[in-house]
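The structure appears right after this line, and notes come after that.
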Amino acid sequence: MKNFLPKNNRIWFIFMFFITIITGYIVFYSISVYPNKNIDEEIIITSTTNLLDDLVNHLIGNVDEKENPPDKKYQKIENIKTYVLMGPGVDPHNYKMKQSDRIAIKKADLIITNGLHLESKMIDSFPLITPKSNIWYASQAIKDDQLIIDETTNQKDPHIWFSIELWQQVLKNLKEKLKSKLSKSQDRELLENNFNLYMKQLNYLKENTKKKFENKDIILITAHDAFSYLAKENKFKGLYSIQGISTQTETSPRDIEKIADIIIKYKVKAIFIESSVPHNYLDSLIEAVTNRKPVFKIKISDQELYSDSLGTREDLNYKQLPETNQYFKMSSYIGAFLHNIDIISQELT
Numbered sequence: 002m003k004n005f006l007p008k009n010n011r012i013w014f015i016f017m018f019f020i021t022i023i024t025g026y027i028v029f030y031s032i033s034v035y036p037n038k039n040i041d042e043e044i045i046i047t048s049t050t051n052l053l054d055d056l057v058n059h060l061i062g063n064v065d066e067k068e069n070p071p072d073k074k075y076q077k078i079e080n081i082k083t084y085v086l087m088g089p090g091v092d093p094h095n096y097k098m099k100q101s102d103r104i105a106i107k108k109a110d111l112i113i114t115n116g117l118h119l120e121s122k123m124i125d126s127f128p129l130i131t132p133k134s135n136i137w138y139a140s141q142a143i144k145d146d147q148l149i150i151d152e153t154t155n156q157k158d159p160h161i162w163f164s165i166e167l168w169q170q171v172l173k174n175l176k177e178k179l180k181s182k183l184s185k186s187q188d189r190e191l192l193e194n195n196f197n198l199y200m201k202q203l204n205y206l207k208e209n210t211k212k213k214f215e216n217k218d219i220i221l222i223t224a225h226d227a228f229s230y231l232a233k234e235n236k237f238k239g240l241y242s243i244q245g246i247s248t249q250t251e252t253s254p255r256d257i258e259k260i261a262d263i264i265i266k267y268k269v270k271a272i273f274i275e276s277s278v279p280h281n282y283l284d285s286l287i288e289a290v291t292n293r294k295p296v297f298k299i300k301i302s303d304q305e306l307y308s309d310s311l312g313t314r315e316d317l318n319y320k321q322l323p324e325t326n327q328y329f330k331m332s333s334y335i336g337a338f339l340h341n342i343d344i345i346s347q348e349l350t
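For the record, in the sequence shown the residue sitting at position 2 is 3 according to the working numbering, with numbers rising by one throughout.
Structure (structure tokens):
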């Protein structure tokens with residue numbers, strides 16, 4: 002068959018053909034990986050951590066059935082889809098953004114981040130991907146005088162979720178932000194209902210935590226300094242960690258030796274590993290204690306603490322919120338918090 006197209010036109014035709022194929026592939030891939038956005042109805046909310054994702058899901062009523070109070074239920078707000086960048090066990094301090102994350106950020110109507118350098122420099126690139134108006138920082142709900150300042154680095158401690166009081170402030174501000182995204186009055190009413198239910202559950206958690214540690218001399222030693230807000234609110238006798246508020250902090254042998262001396266001095270019964278932090282530093286600490294005082298017995302708790310990440314949804318273990326008949330998975334903030342305070346109390350008192 003003869004080709005009657007001029008040579009230049011043939012080249013242009015071939016070029017446009019390949020451009021069309023490539024564009025179609027990209028669109029198909031994007032649709033297959035992430036849900037389509039209905040401009041009139043669907044709202045996509047992307048959170049950096051599963052702690053923040055859990056907050057969002059409680060506000061929109063997307064909760065486990067065992068969490069629901071019997072008298073008044075969470076009401077699910079339809080047409081809101083959530084996506085989280087960092088899954089269970091992921092350390093946000095060292096997280097590297099993937100191409101799929103960039104696509105999720107670009108498609109989202111709202112990006113929820115912690116801030117205070119928890120996500121390191123990753124969120125600096127967000128304004129290059131999405132309008133600044135789409136980015137919301139959980140830490141903006143907190144006043145400066147409520148934040149703990151790390152003595153070594155002079156940085157603000159980003160682990161604000163270990164203060165239930167501060168987390169409630171974040172919840173309140175996030176509710177207002179989500180309300181501004183909802184066009185239907187019915188959805189705003191559901192949001193208010195869910196907010197009130199979750200706020201009540203957090204109040205129960207706060208009361209239970211206070212009772213758990215009341216009049217107890219707790220000295221908590223962990224892999225990295227994530228628990229300062231918990232220690233401050235519950236008046237722990239001491240809190241020591243091998244690394245600072247970021248797992249990017251380098252640890253020296255002298256740092257480990259100092260903590261070993263504290264363990265021996267106060268006869269600390271156990272130290273704790275964290276679900277999102279490597280365990281090698283704790284092994285070094287145990288060795289340092291043994292070298293100093295071979296007869297002193299200290300254990301690494303066989304139960305991990307949840308610090309910068311929640312558990313997996315596949316974990317079917319539930320924790321009951323005292324004085325209620327509500328049960329929470331380790332993949333929820335309340336479930337992970339209950340797990341942490343139970344383990345700390347069991348091992349150290």
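Glycine included, C-beta positions come from ideal geometry on N, C-alpha and C. This one's a predicted model, so the numbers in the text were calculated from it and none came from an experiment.
Cut-off 7 angstroms between Cβ atoms - residues of its own chain near residue i, not counting five sequence neighbours on either side
i: Val64; result: Asn58, Tyr75
i: Ile78; result: Ile61, Gly62, Asp188, Leu191, Leu192
i: Leu52; result: Trp162, Leu311, Tyr334
i: Lys217; result: Thr350
i: Lys180; result: Arg189, Leu192
Bounding residues of the beta strand (DSSP E) (the contiguous stretch that carries residue i)
i: Val296; result: Neither: Val296 is in no beta strand (DSSP E) and is coded neither H nor E.
Distance between beta carbons of residue j and residue i, contact taken as under 8 angstroms
i: Leu286; j: Ile274; result: Not really, about 11 angstroms apart at Cβ, beyond 8 angstroms.
i: Ile112; j: Thr131; result: 6 angstroms
i: Ile335; j: Gln202; result: 6 angstroms
i: Ile45; j: Lys133; result: Wrong, their Cβ atoms sit about 17 angstroms apart, outside the cutoff.
i: Thr114; j: Ile124; result: 5 angstroms
i: Phe237; j: Ile265; result: 19 angstroms between Cβ atoms; not a contact.
i: His118; j: Gln156; result: 7 angstroms
Residues of its chain near residue i, where Cβ-Cβ distance is below 8 angstroms and the 5 sequence neighbours each way are ignored
i: Gly25; result: Since pLDDT at Gly25 reaches only 49, below the 50 mark, its modelled position is unreliable, and the value read off the structure follows with that caveat. Nothing listed; no residue qualifies.
i: Tyr205; result: Leu322, Pro323, Glu324, Thr325
i: Asn37; result: Legend: pLDDT at Asn37 = 45, less than 50; position of this residue unreliable, value from coordinates given subsequently. The answer, listed in chain order, is Glu43.
i: Leu331; result: Residue identity check: residue 331 is Met in the sequence provided, not Leu. Result list for Met331: Tyr307, Leu311, Gly312, Thr313, Asp316, Asn318, Lys320, Ala337, His340, in chain order.
i: Leu175; result: Leu56, Val57, Leu60, Ile113, Trp137, Ala139, Ala142
i: Val85; result: Thr47, Ser48, Thr49, Thr50, Asn51, Leu53, Asp54
Start-to-end residues for the alpha helix (DSSP H) that takes in residue i
i: Ala337; result: 334-349
i: Lys82; result: First-last for Lys82: 81-85, but that is the beta strand (DSSP E), not the alpha helix (DSSP H).
i: Ile165; result: 165-180
i: Ile143; result: Element bounds for Ile143: n/a, residue is neither H nor E.
i: Thr210; result: 186-214
i: Lys107; result: 100-108
Per DSSP, cross-strand counterpart(s) of residue i
i: Ser242; result: Thr223
i: Lys300; result: Ala271
i: Trp137; result: Ile113
i: Ser48; result: Val85, Ile113
i: Gln321; result: Tyr328
i: Phe231; result: As written in the sequence, residue 231 is Leu, which differs from the Phe given in the question. None; Leu231 has no bridge partner.
i: Leu306; result: Glu275
i: Ile150; result: Lys157
Cutoff 6 angstroms; reference residue i; Cβ partners in own chain excluding five residues on either side
i: Tyr138; result: Thr114, Gly116
i: Ser31; result: The pLDDT assigned to Ser31 is 45, lower than 50, so where the model puts this residue is not dependable; a value taken from the coordinates is nonetheless given after this. So the list is empty, once near-sequence residues are dropped.
contact_flag[the segment 222-231, the segment 300-313] where n(CB pairs < 8 angstroms) is 3 or more: Touching, yes.
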